[in-house]
Each structure stands twice: as C-alpha cells, then as structure tokens.
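A.B. asks: These protein sequence lines map, in sequence, to chains U and R. So that you can map any letter, position 309 of the first sequence is 310 in my numbering, and since no number is skipped, the others follow by simple counting. So that you can map any letter, position 146 of the second sequence is 169 in my numbering, and since no number is skipped, the others follow by simple counting.
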Amino acid sequence: MGRTLYDKLWDTHVVRENPDGTVLLYIDRHLIHEVTSPQAFDGLRAANRLPWRLDSILAVPDHNVPTINRERILDPVSRNQLEALDTNVTAYGLDHFPLHDRRQGIVHIIGPEQGFTQPGITIVCGDSHTATHGALAALGFGIGTSDVEHVLATQTLVMRKSRNFRITVDGQLSPGVTAKDVILAIIGRIGTAGATGYTVEYAGEAIRTLSIEGRMTLCNMSIEAGARAGLVAVDEKTIDYLRGRPYSPSGADWEQAVRYWTTLVSDRDAVFDRELTLHADEIAPQVSWGTSPEMVVPVNERVPDPATEVDPVRRQSMEQALRYMDLTPGTAVTDIPLDKVFIGSCTNARIEDLRDAAAIVRGRHVSPVIRQALVVPGSGLVRAQAESEGLDRVFRDAGFEWREPGCSMCLGMNPDQLGPGERCASTSNRNFEGRQGAGGRTHLASPAMVAAAAVHGHFVDVRQFGNNV
Amino acid sequence: MQPFTQHRGLVVPLDRSNVDTDAIIPKQFLKAITRTGYGPFLFDAWRYDDAGGFPGQDCSIRPLNMDFVLNQPRYQGGSVLLARENFGCGSSREHAAWALVDAGFRVIIAESFGEIFHGNAVKNGLLPITLDGETVDALFRACETHPGYTLEVDLSGQQVVPPVGGSVVFEVEPDVRDRLLHGLDDIGLTLEHSDSIRAFEHRRAERFPWLYR
Ligand code: SF4
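(1) State yes or no: is the C-beta of residue 58 of chain U within less than 8 Å of the C-beta of residue 100 of chain U?
(2) Compute the Euclidean distance between the alpha carbons of residue 12 of chain U and residue 361 of chain U, then round it to the nearest angstrom.
(3) Would you say residue 10 of chain U lies against chain R (beta-carbon separation less than 8 Å)?
(4) Please determine, among U/161, U/62, U/273, the residue with the shortest C-alpha to C-alpha distance to residue 105 of chain U.
(5) Going along chain R in order, which residues have a C-beta closer than 9 Å to the C-beta of residue 421 of chain U?
(6) At a CB-CB cut-off below 9 Å, which residues of chain U make contact with residue 25 of chain R?
(7) Any beta-carbon of chain U closer than 8 Å to the one on residue 107 of chain R?
(8) Nearest to residue 163 of chain R by CA position, among R/107, R/77, R/122, R/147, is which residue?
(9) Please name the residue or residues paired with residue 165 of chain U in a DSSP beta bridge.
(10) Compute the minimum distance between the beta carbon of residue 81 of chain U and the heavy atoms of the ligand SF4, and state whether it is under 7 Å.
(11) For the region 73 to 86 of chain U, enumerate the residues whose C-beta is nearer than 8 Å to any C-beta of chain C, in chain order.
(12) Smallest Cα separation from residue 363 of chain U: which of U/429, U/455, U/447, U/345?
(13) Beta-carbon within less than 8 Å of residue 34 of chain U's beta-carbon, same chain only, minus the 5 sequence neighbours each way: which residues are those?
(14) Residue 223 of chain R touches chain U at which residues, Cβ-Cβ below 7 Å?
(15) When you check each C-beta in the region 36 to 61 of chain R against every C-beta of chain U, which residues fall closer than 8 Å?
(16) What are the residues in the region 153 to 170 of chain U lying within 8 Å of chain R by C-beta distance?
(17) Residue 367 of chain U and residue 333 of chain U: beta carbons closer than 8 Å?
(18) With hydrogens ignored, establish whether the beta-carbon of residue 412 of chain U is closer than 7 Å to any heavy atom of the ligand SF4.
(19) Output needed for residue 3 of chain U: all residues of its chain with C-beta closer than 8 Å, excluding positions within five of it in sequence on either side, in chain order.
(20) Counting only beta-carbon atoms, is residue 68 of chain R nearer than 8 Å to chain U?
(21) In the structure shown, what three-state DSSP assignment does residue 280 of chain U receive?
(22) Would you call the region 249 to 257 of chain U and the region 226 to 239 of chain U in contact, with 3 or more CB pairs under 8 Å?
(23) Alpha carbon to alpha carbon, how far is residue 129 of chain R from residue 144 of chain U?
(24) Does any C-beta atom of chain U lie closer than 8 Å to the C-beta of residue 236 of chain R?
(25) So, with DSSP's three-state summary, where would you put residue 468 of chain U?
(26) Just the C-alpha distance for residue 132 of chain U and residue 227 of chain U, rounded to the nearest angstrom, thanks.
(27) For residue 470 of chain U, collect the residues of the same chain with a Cβ closer than 6 Å to its Cβ; drop the 5 residues on either side in sequence, then sort them by chain order.
(28) Taking Cβ positions only, does residue 151 of chain U come closer than 8 Å to chain R?
(29) So what does DSSP say about residue 169 of chain R, is it helix, strand or coil?
(30) Between residue 347 of chain U and the ligand SF4, is there a pair consisting of the residue's CB and a ligand heavy atom that are separated by less than 7 Å?
(31) Skipping 5 residues on each side, what residues in its chain have a beta carbon closer than 8 Å to that of residue 97 of chain R?
(32) Any idea what DSSP makes of residue 82 of chain U, helix, strand or coil?
(33) On the DSSP letters alone, give me the boundaries of the beta strand (DSSP E) that residue 160 of chain U sits inside.
(34) Determine the direct distance from the alpha carbon of residue 434 of chain U to that of residue 80 of chain R, and round the result to whole angstroms.
(35) When the distance is taken between beta carbons, is residue 30 of chain R closer than 8 Å to residue 17 of chain U?
(36) The ligand SF4 and residue 69 of chain U: does the residue's C-beta get closer than 7 Å to at least one heavy atom of that ligand?
Right, dumping it as structure tokens:
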C-alpha cells in the first residue's frame with residue numbers, strides 16, 4: 002500500500018519504536034524565540050546537560066519586541082525576557098538574528114525565508130504556528146517548553162503518530178479570494194477541533210495554484226483546526242522557492258536534495274484516514290464574527306443567530322461570543338464598524354500579503370473612523386523588499402503606520418495592543434477573547450479584506466472593490 | 024515531575040467549550056522566565072473585574088468577578104476542573120499547564136483537549152481525562168445539585184469515582200499512564216537511548232549531508 006507524505010516524513014525520522022506504542026522521533030531543526038525557551042535552558046543547566054546539536058538551532062526574538070523605538074525597551078519584564086534569550090544564545094554559541102539584524106522577524110517567517118525550513122525535515126518550535134513550515138513539505142509542529150528542553154537535550158521527541166487527513170480544494174479560487182479565506186472556510190466547516198489528532202495534507206487544484214507564501218498562510222492555521230501539522234506536497238514551486246536561500250543546499254548537494262525532495266508527495270494509492278473535498282468557487286472572502294476561528298461567515302452574510310442553533314452547548318458559546326463581541330444577531334458583516342486595523346503576523350505578513358494590501362490601499366486613505374492602522378512586516382527582509390517596491394510609501398500616504406518586524410498586535414505582548422472594547426480587523430490567526438489586548442475584539446480576515454476595511458471603516462466585499470468603490 | 028496515582032478533590036465546573044490557552048493564562052504573564060507563580064493569574068480576564076493584571080502584581084487587592092465559577096465560595100479549594108469540548112486549544116504555551124498546577128489543579132475532565140496542551144499537562148503531573156459528552160453533562164448536573172461535589176480519580180485503575188458510587192472508566196494511553204504514575208523524567212529516559220540517536224544521526228548525515236554543518 003502506498004504511503005502518504007506524512008507517512009514518509011514520519012518513517013524517515015523514527016529513531017526507535019518504544020514498547021508503549023510511542024516512537025522516538027528525530028528532530029532536524031529547532032527554532033527558538035524568547036518566550037518559551039528561558040525555562041527550557043534553565044532546566045538544561047539545572048540538570049547539567051548541553052544542547053545535543055548546535056547547528057540544528059536558530060534563535061530570534063519576535064513575540065515581545067517593540068515595533069518602534071527599538072533602542073530602548075521600556076517594559077522591564079519584556080526586556081528581562083529578551084536579555085535571557087541573548088544570554089542563552091551567547092552561553093551556548095547559537096545561531097541567532099538579534100533585534101538589530103535585518104534578518105530578524107517572526108520565527109515562522111524567517112525559517113522559510115532563510116531556507117532553514119526545507120522539504121523532508123522535522124522542524125519544531127515552542128510555538129503552535131510551527132505548522133506553517135509544512136507549506137514546504139517539512140513536518141513542522143509546535144511544542145511546549147518541556148519539549149523544547151527535550152529537543153535541546155536529545156535531538157528527539159517522544160511522540161505518537163497522528164492519523165492522515167486530506168483536505169482537497171478543487172477548482173479555481175475567484176479573484177479576491179485568498180489562502181486565508183480558504184483556511185478560514187475550512188475551519189468554519191470542520192470546527193476548531195475538527196482535525197485534532199490528524200496531520201492535514203492540503204491538496205487539489207486550488208492548493209497547487211497557490212504560491213508558496215499562500216500555502217504558508219494555509220498551513221499556518223492548521224492548528225486553529227486542531228491539527229498540529231499541515232502539509233503541502235513538493236512541486237516545482239517548492240523547489241524554485243528554495244533555490245539560492247542562505248541555508249539551502251548548494252552545488253552537488255542541491256542536485257541531490259532536489260532529487261530527494263521530488264519524492265515528497267503522497268503516493269497515488271496512499272490511503273487517508275479521512276478526506277474532505279471543497280470546491281474553490283464556493284469559497285467567498287471570510288470574516289470571523291466570534292471569539293473562535295470557527296465562528297466565521299462569508300463577508301456578504303450576517304452575524305448568525307444562536308436561536309437557530311439546536312445544540313445547547315454550541316448555542317451557549319455563540320451567545321457568550323456575541324456578548325463579548327458586542328454584536329447583534331442578523332447584523333450584516335459589512336455593517337460592523339471598526340476602530341483599528343492590523344496587517345501583520347506569521348499568517349499574513351509576507352511580501353505577497355503586503356502587496357495584496359497595498360494594491361487596495363494605493364491612492365486611497367484610511368477612513369477617519371479608524372483610530373490606528375498598523376502594518377507590521379513579518380521580517381526585516383520583508384520590510385526591506387516592501388520598501389524597495391515603494392509599498393511603505395503607499396501605506397504611509399494612506400495613513401497607515403509602517404513598523405519594524407515582530408509579532409506585534411497578533412498577541413500584544415509588546416505595546417501594540419487593542420484597548421478594552423476596541424474592534425479590530427486583523428490579518429492574524431486568533432480571535433480569542435483578549436488575544437490582541439484585554440477586552441479587545443478581533444475580526445479575522447485576509448490582507449486585502451483588512452486593507453479594504455481600513456479604507457471604508459467597515460468590512461466590504463473585496464470582490465466588489467473595483468477601482469471606483 | 025510530581026507522580027500521579029490517586030486523587031480526590033472538589034470539582035469546579037467551568038461550563039464552556041473551546042477554553043483557549045489565552046483565556047487560561049493571558050499573554051502578559053508569558054513574559055516571566057520562571058515555571059511557577061502563574062496561579063494567581065489563571066483565567067485572569069474572567070476572574071478579575073479590572074482591565075487585566077500584570078506580571079508580579081499583588082492579586083489580593085484586585086476586584087473579583089463573583090460570577091466566575093473559580094471565585095464562588097462553594098468552589099474554593101477545587102482541584103478537579105470540569106469543562107466541555109476542546110479544552111486548552113490554541114497556543115503551545117506550557118504556562119497554561121503551569122498556571123493550573125500552581126492554582127492547585129491536579130485533574131482536568133473534558134470532552135476533548137487541544138493536543139499540545141494535553142502533552143504539556145501530562146509533563147507537569149496534571150491529568151487530562153477525556154469523557155464522552157453525556158458523562159460530562161451528567162457531571163455538570165451533579166456539581167450543580169450537590170454542593171461540595173467531589174470526585175475520586177484513580178489513574179492505575181483508570182476510573183473516576185463519584186461519591187455515590189457508579190464509577191466511570193476512562194481511556195489513557197499507556198505511555199501517558201506510566202509517565203504520570205511514576206513521575207518519570209522524560210529526558211533521562213530518552214538519553215538511555217543516546218547510542219541509537221547517535222547512530223541514527225550518523226546515517227542521516229551521510230544521506231542528507233546538507234542538513235549538517
Ligand atoms: S505572529 Fe502571532 S501567531 Fe505568529 S508566532 Fe507571533 S504571536 Fe504567534
């Protein structure tokens with residue numbers, strides 16, 4: 002019987018099968034950031050252990066970092082955490098991109114950008130959005146701090162294999178519909194626990210048509226569907242993407258690597274434990290209305306009514322969400338007024354995302370009702386690329402703030418936060434209560450949708466956002 | 024890690040599904056670099072009637088939201104948390120497990136769990152128990168009607184025993200069970216296989232030299 006892509010990635014990393022049904026899985030690469038690593042390094046020191054393989058590690062500060070005035074970090078607790086990363090990086094001699102390095106950025110943006118993420122590898126990070134790296138057919142998944150320590154000390158993890166889930170998106174996406182809309186539509190369909198226990202492989206014409214960056218957006222939010230890892234098979238685009246990146250193989254290694262990478266597809270006769278097929282032409286631009294990424298509707302629809310929900314537990318969470326979001330059932334999504342917009346995060350802060358948003362914004366102005374409009378590029382290199390294309394001017398002229406890279410208002414560990422009650426259109430991945438700031442209200446959408454919302458002060462259907470809307 | 028064999032404790036019913044890790048411990052507390060001290064900030068946004076706490080704050084002077092279950096007098100000292108589907112979804116922050124343990128919880132019963140949270144809980148001696156919707160529903164009703172409702176959890180027997188009898192059996196993976204029962208040090212166990220890891224790595228470096236520098 003044929004094997005799935007996930008089966009192949011798994012099989013090549015099994016060091017040993019334990020009698021209890023778990024395996025010892027070899028980890029090729031380990032990304033580290035300031036928030037989930039200090040306790041792991043402390044544990045290592047307390048037990049008198051050393052990192053197993055230094056060349057498997059790349060560290061970067063991203064979650065806490067300010068996006069303006071980076072010379073002085075005002076918050077002493079944040080500063081302390083950033084200094085702890087510096088201390089550990091220096092103590093062990095780890096590869097890292099410090100705050101002032103132009104390669105610094107969000108950990109899941111810089112991995113692929115540097116070619117540190119490659120097809121066929123296992124890659125982990127103390128961060129759930131490590132699923133992003135599956136866009137390059139790497140098995141990437143998030144781990145907690147104890148596991149960060151385990152990987153540091155042993156280069157392995159004790160794991161149980163997930164089941165295989167293939168989500169196929171047939172046909173062509175309509176103009177104005179992006180990878181973000183595809184993944185939100187999928188989560189809306191299967192729910193936030195819909196893929197728990199599975200590794201998801203995304204397939205079908207609409208996925209193959211996506212750029213590698215679009216595939217990253219898609220895989221990134223696999224965790225919002227409950228899956229620890231998302232994957233897309235290797236194709237020409239994967240190989241083109243990796244050519245010439247700093248950590249990519251070169252010379253004879255490159256040829257050998259490419260030969261191997263092209264085998265990283267599911268066999269034709271592979272059997273998946275679960276399959277779901279969607280049709281691209283049924284997917285409209287999505288907007289979340291509630292406090293869970295599964296609470297999403299197409300932009301041309303209305304906020305749903307809990308009264309129509311038969312399941313009492315569901316009904317109760319819908320009511321809780323509406324209360325928190327201060328929304329009335331039946332409100333048209335396009336009538337929801339906004340206070341702030343955020344374009345950024347590991348989901349949507351790559352160059353193509355910024356181009357998409359800039360194309361909408363060009364020659365227009367942020368609506369006077371919007372109190373703050375932020376663009377936070379995913380990395381210093383994305384920022385530089387955008388500036389070389391003049392996108393920073395487009396955003397600035399329109400009234401956006403153009404910031405330095407980091408996680409920023411995706412989770413507001415730095416000063417970029419929503420105030421209580423503020424409502425934000427955001428390209429990030431989580432609309433949980435308080436995610437972007439205590440009491441803040443988040444509506445998830447694609448970069449183009451958020452840009453259009455910034456211009457209008459409320460959501461609009463980006464498909465109708467012609468040159469004169 | 025603290026071993027887990029048996030535990031009897033007061034049940035705290037948190038009647039919500041999709042309780043995410045941001046709700047369990049909000050982001051501002053993730054700036055700390057310790058493994059302890061998160062207890063007072065557990066469910067911070069639900070628990071306190073202010074605009075949110077900050078790390079190191081003295082929580083004894085903060086206004087409490089008395090509607091929140093953890094603040095109600097009848098649930099003080101609870102150590103078994105009851106919730107609905109998908110408890111601990113969201114981020115990989117182990118701080119969520121640390122906060123629950125720090126606040127005195129030893130067991131979480133839910134219909135399902137976020138996968139990363141589940142692993143983090145086990146690594147901290149916090150037992151996640153998955154029960155079906157009907158049973159969970161019945162437990163919620165029992166908590167409601169019986170003040171001081173406790174449960175006895177027996178990991179080796181894989182049973183949850185209500186005060187009136189009629190035990191419920193739960194499934195637990197053998198590795199999870201062993202680790203909790205014996206409070207095993209994962210890293211120490213893995214390092215017993217150092218030779219296998221080294222041999223594997225050697226073969227891998229030959230086949231994929233570009234991954235090694
Ligand atoms: S951008 Fe947001 S989701 Fe991504 S790593 Fe940073 S905080 Fe996490």
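Glycine included, each C-beta is placed from N, C-alpha and C at the ideal position. The structure presented is a predicted model; accordingly, all values stated were derived computationally and were not measured.
C.D. replies: So, to answer that:
(1) no
(2) 45 Å
(3) no
(4) U/62
(5) 74, 75
(6) Residues of chain U passing the Cβ test: none, with the nearest at roughly 13 Å.
(7) yes
(8) R/107
(9) U/200
(10) no
(11) Of the protein chains in this structure, namely U and R, none is chain C.
(12) U/455
(13) 60, 61, 62, 63, 64, 86, 108, 126, 127, 128
(14) 16, 27
(15) 38, 39, 40, 41, 43, 45, 46, 49, 50, 51, 53, 54, 55, 56, 57, 58
(16) 154, 155, 156, 157, 159, 161
(17) no
(18) yes
(19) 267, 268, 269, 270, 271, 272
(20) Answer yes: the Cβ-Cβ gap between residue 68 of chain R and chain U drops below 8 Å somewhere.
(21) strand
(22) no
(23) Approximately 21 Å between the Cα atoms of the pair.
(24) yes
(25) In this prediction, residue 468 of chain U scores a pLDDT of 46, lower than 50, which makes its location untrustworthy; the coordinate-derived value is nonetheless stated afterwards. Correct three-state label for residue 468 of chain U: coil.
(26) 11 Å
(27) In this prediction, residue 470 of chain U has a pLDDT of 44, which is less than 50 and means its spatial position is unreliable; what the coordinates show is noted afterwards. Once the five neighbours on either side are set aside, residue 470 of chain U has no close Cβ partner at all.
(28) Answer yes: the Cβ-Cβ gap between residue 151 of chain U and chain R drops below 8 Å somewhere.
(29) coil
(30) yes
(31) For residue 97 of chain R, where only same-chain residues beyond five positions count, the Cβ hits under 8 Å are 170, 171.
(32) Helix, per DSSP.
(33) 157 to 160
(34) Cα-Cα distance, rounded: 21 Å.
(35) no
(36) no
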